[in-house]
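Enquirer: Those sequence lines, one after another, are chains A and B.
Residues 2 to 297 (the working numbering) are what the first sequence spells out, left to right.
Residues -8 to 128 (the working numbering) are what the second sequence spells out, left to right.
Every residue gets a Cβ at the ideal spot worked out from N, C-alpha and C, and that includes glycine.
On a predicted model such as this, the values are computed, not experimentally measured, just so you know.
What follows is a structure written as structure tokens; I'll ask about it next.
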Amino acid sequence: MANTREIRRRIKSIKNTAQITKAMQMVAASKMRRAQVAALAGRPMAELLNKVLVSVKEHVEIDSHPLLAVRPVKKELVILISTDKGLCGALNTNLFRELSPFDIGTASFVCTGRKGVQFVTRTRRDLLGDFAIGDSPRFRDTRPIANLAMEKFLSGEVDKVSVAYTHFINTLTQKPTIRPLLPISPFDLERGFKTAHDNDAAPAPKNAERAPGFIFEPGPEEVLDFVLPQYVRFQVFQMLVDTRASEHSARMVAMKSATDNAKQIVKELTLEYNKVRQAGITTELLEITTAQLALN
Amino acid sequence: MSTFRLEIVTPEARTYSDDVEMVVLPGADGEMGILPMHAPLLSLLKPGELRLKKDGHEISLAIGDGFVEVGPDRVSVITDMAVEERLIDEAATEAAIARAQADLKARDLGGEEVASIEASIAKSIAQLNLKRKRRSH
């Protein structure tokens, strides 16, 4: 049996760890609330963009737009949205597992999040770019990513762009997801956005709501040329916000179980400590009595 | 007085949503005013000043690139930036412009980055112009 001092030391160090994980849990919880609100905040934008696209579709032959061009896939681009920090359970590991179907030879990667960069370089995949984005992403932070993807797609360098991110379902569940971004599928445009909360998302705008005979200024093509890239940028933004919400939720849950485990260990060690202490006292008492008996 | 519903949304939030009497927008082809019962319209917007009139008061916002959808009883403005005039921080905006211009000079950037920096300068200038104009009144 270990001696008391050693057990005391272990209890102390585990208590310290528990304190840290508890603090991280609190921080993650407050960040999680903010991130979840942010993931929700994009919904009005999503609905409006969708409505406008549906209206434009009636006036312009949308399928011929270069951003919708379907080509045989020779090279593809994957935008990998991961986290900067670890300690969030299996979030990143699960996401990276989804990447195995992509052929190393034909797929290039653009990353945001340090964990993703590390993964891509470690597995010797082709890393095209790396964007550092803070904890509460702004729309303009994600613009360069979407712009880069569209540039590569339009120039014909890549024939398909997908995004790998973690879809936020609720605090306990996050789903690693691969979603095609380019070419934009007309089907997606009609169905509308899948945002973080698509279970209760508003239904697609009804026909009655749509007023016929829109005036387009400067013209329907120009409007489309603006709206489609904006749609792509917004999607990337939304997926990033989703990933952030997932990250903080996963971290909170991971830290909570770490804190619980630490407390359990402290409890077990305290029991052990008391046992050892009691045993020590008993032995001492025994020694004293024996000594006394011997003296008499 | 008749009103219509004005909504201003950015990717980050719904910035404004209320019944207003009139709105003046920086359209791609020049400034345009929208009153209730306007014909359905879809127009691009360029960075500039958006003025809205509600209960006789006028409120100004600086907005970025975007577009507007005018329906029978509602107007939706979709833009990547919308800042109310009283919230614009002049010093910070000036600093942002200076920084962006320095960036533009100092680094050898690709066309895409130049375009995005120029866009952000345009947005900052729109904010600044609005702020200065208000003060000179």
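Listing by chain order, which chain B residues have their CB less than 9 Å from the CB of Arg139/A?
Expert: Per Cβ cutoff of 9 Å: Pro2, Glu3.
Enquirer: In chain A, which residues lie less than 7 Å from Ala19/B when you measure between Cβ atoms?
Expert: Simply Glu218, Pro219.
Enquirer: Anything in the region 59 to 70 of chain B with a Cβ closer than 8 Å to a Cβ of chain D? List those residues in chain order, please.
Expert: This model lacks chain D altogether, as its protein chains are A and B.
Enquirer: Report yes or no: do the region 17 to 29 of chain A and the region 214 to 227 of chain A share at least 3 C-beta pairs separated by less than 8 Å?
Expert: No, they do not touch.
Enquirer: Does the Cβ-Cβ distance between Glu60/B and Ser67/B come in under 8 Å?
Expert: Yes, Cβ-Cβ distance for Glu60/B and Ser67/B is below 8 Å.
Enquirer: For Ala113/B, which residues from the same chain have a beta carbon less than 6 Å from its beta carbon, with the 5 sequence-adjacent residues on both sides left out?
Expert: These residues qualify, in order along the chain: Pro38.
Enquirer: Ordered along the chain, which non-local residues of its own chain (more than five positions away) have a Cβ less than 7 Å from that of Asp9/B?
Expert: Cβ neighbours of Asp9/B beyond the five flanking positions: Leu(-3), Lys45.
Enquirer: Let me make sure I understand the geometry here. Which of Glu77/A, Ile216/A, Ser31/A, Lys257/A has the alpha-carbon closest to that of Pro181/A?
Expert: The residue with the shortest Cα to Cα distance from Pro181/A is Glu77/A.
Enquirer: My assumption, with CB atoms under 8 Å, is that Val15/B sits in contact with Leu41/B. Please give the rounded CB distance.
Expert: The Cβ separation is near 7 Å, so the contact holds.
Enquirer: Is the CB-CB distance between Leu183/A and Met151/A below 8 Å?
Expert: Yes, these two residues count as a Cβ contact at 8 Å.
Enquirer: According to the Cβ coordinates, are Leu149/A and Gly130/A closer than 8 Å?
Expert: Contact flag set, yes.
Enquirer: Considering only the beta carbon of each residue, do Ala255/A and Cys89/A sit closer than 8 Å?
Expert: In this structure, Cys89/A lies closer than 8 Å to Ala255/A by Cβ.
Enquirer: Using 8 Å for Cβ pairs, my map puts Val0/B next to Thr(-6)/B. What's the rounded Cβ distance?
Expert: Val0/B to Thr(-6)/B, Cβ: 19 Å. No contact.
Enquirer: Can a CB atom of chain A be found closer than 8 Å to the CB of Ser34/B?
Expert: Chain A, which has a Cβ nearer than 8 Å to the Cβ of Ser34/B, makes this yes.
Enquirer: For chain B, check one thing: does any of its Cβ atoms lie closer than 8 Å to the Cβ of Gly130/A?
Expert: Judged by the 8 Å Cβ criterion, Gly130/A is not in contact with chain B.
Enquirer: In chain order, what residues of the same chain have a beta carbon less than 6 Å from the beta carbon of Ile15/A, not counting five sequence neighbours either side?
Expert: Here the set comprises Ala263, Ile266, Val267.
Enquirer: DSSP state of Lys45/B, grouped into three classes?
Expert: Of the three classes helix, strand and coil, the one that applies to Lys45/B here is strand, per DSSP.
Enquirer: In chain B, what lies closer than 8 Å to Gly43/A by C-beta?
Expert: Chain B residues near Gly43/A: Pro2, Glu3.
Enquirer: Give, in chain order, every unbroken run of the beta strand (DSSP E) that is at least 3 residues long and sits entirely within the region 15 to 97 of chain B.
Expert: Counting only runs of 3 or more, we get 21 to 25, 32 to 36, 39 to 45, 48 to 54, 57 to 61, 65 to 70, 73 to 75.
Enquirer: Which residues share a DSSP beta bridge with Leu(-3)/B?
Expert: Note: Leu(-3)/B sits in a beta bridge opposite Asp9/B, Val66/B.
Enquirer: Do you know offhand how far Gly135/A's Cα is from Glu48/A's?
Expert: Distance between the alpha carbons of Gly135/A and Glu48/A is about 26 Å.
Enquirer: In terms of residue numbering, what span does the alpha helix (DSSP H) encompassing Glu48/A cover?
Expert: Residues 44 to 58.
Enquirer: Give the single residue among Ala70/A, Pro219/A, Val233/A whose Cα lies nearest to the Cα of Phe58/B.
Expert: With distances taken between Cα atoms, Phe58/B lies closest to Pro219/A.
Enquirer: Where do the N-terminal and C-terminal ends of the beta strand (DSSP E) with Leu272/A fall, by residue?
Expert: Not the beta strand (DSSP E): Leu272/A falls in the alpha helix (DSSP H), residues 221 to 296.
Enquirer: In its own chain, which residues sit with a C-beta less than 6 Å from the C-beta of Pro45/A, not counting the 5 before and 5 after it?
Expert: Closer than 6 Å at the Cβ level, and outside the excluded window around Pro45/A, lies no residue.
Enquirer: Any Cβ of chain B within less than 8 Å of the Cβ of Met46/A?
Expert: Answer yes: the Cβ-Cβ gap between Met46/A and chain B drops below 8 Å somewhere.
Enquirer: Can a CB atom of chain B be found closer than 8 Å to the CB of Ser109/A?
Expert: No, its Cβ sits nowhere closer than 8 Å to a Cβ of chain B.
Enquirer: Please list, in chain order, all residues of the same chain as Thr244/A whose beta carbon is under 6 Å from its beta carbon, the five residues on each side excluded.
Expert: Excluding sequence neighbours, Thr244/A sits near Ile82, Tyr166, Thr167.
Enquirer: Against chain B, which members of the region 219 to 249 of chain A pass a CB distance test of less than 7 Å?
Expert: Answer in chain order: Pro219, Glu223, Val224, Phe227, Val228, Phe235, Phe238.
Enquirer: When burial is assigned at 16 or more other CB atoms within 10 Å of the CB, is Ser137/A buried or exposed?
Expert: Flag for Ser137/A reads exposed.
Enquirer: Would you mind working out which of Asn171/A, Lys32/A, Asp160/A, Glu59/A sits nearest Val79/A, comparing C-alpha positions?
Expert: Among Asn171/A, Lys32/A, Asp160/A, Glu59/A, the Cα nearest to that of Val79/A belongs to Asp160/A.
Enquirer: Report yes if the CB atom of Ala19/B is closer than 8 Å to the CB atom of Ile216/A, and no otherwise.
Expert: Result no, Cβ atoms of Ala19/B and Ile216/A do not sit closer than 8 Å.
Enquirer: What in chain B is Cβ-close to Ser156/A, meaning under 8 Å?
Expert: Chain B residues near Ser156/A: none, gap ~11 Å exceeds 8 Å.
Enquirer: Which whole-angstrom value describes the C-beta separation of Thr143/A and Arg234/A, a residue pair presumed to lie in contact below a C-beta threshold of 8 Å?
Expert: That pair is a contact at about 7 Å.
Enquirer: Measuring straight from C-alpha to C-alpha, what distance separates Gly106/A and Ile25/B?
Expert: Looking at the two C-alpha atoms, the distance is approximately 54 Å.
Enquirer: Starting from the C-beta of Asp142/B, find all residues in its chain whose C-beta is less than 7 Å away, skip the five residues before and the five after it, and write them out in chain order.
Expert: The structure shown does not extend to residue 142/B, since chain B is modelled only from -8 to 128, so the question has no answer here.
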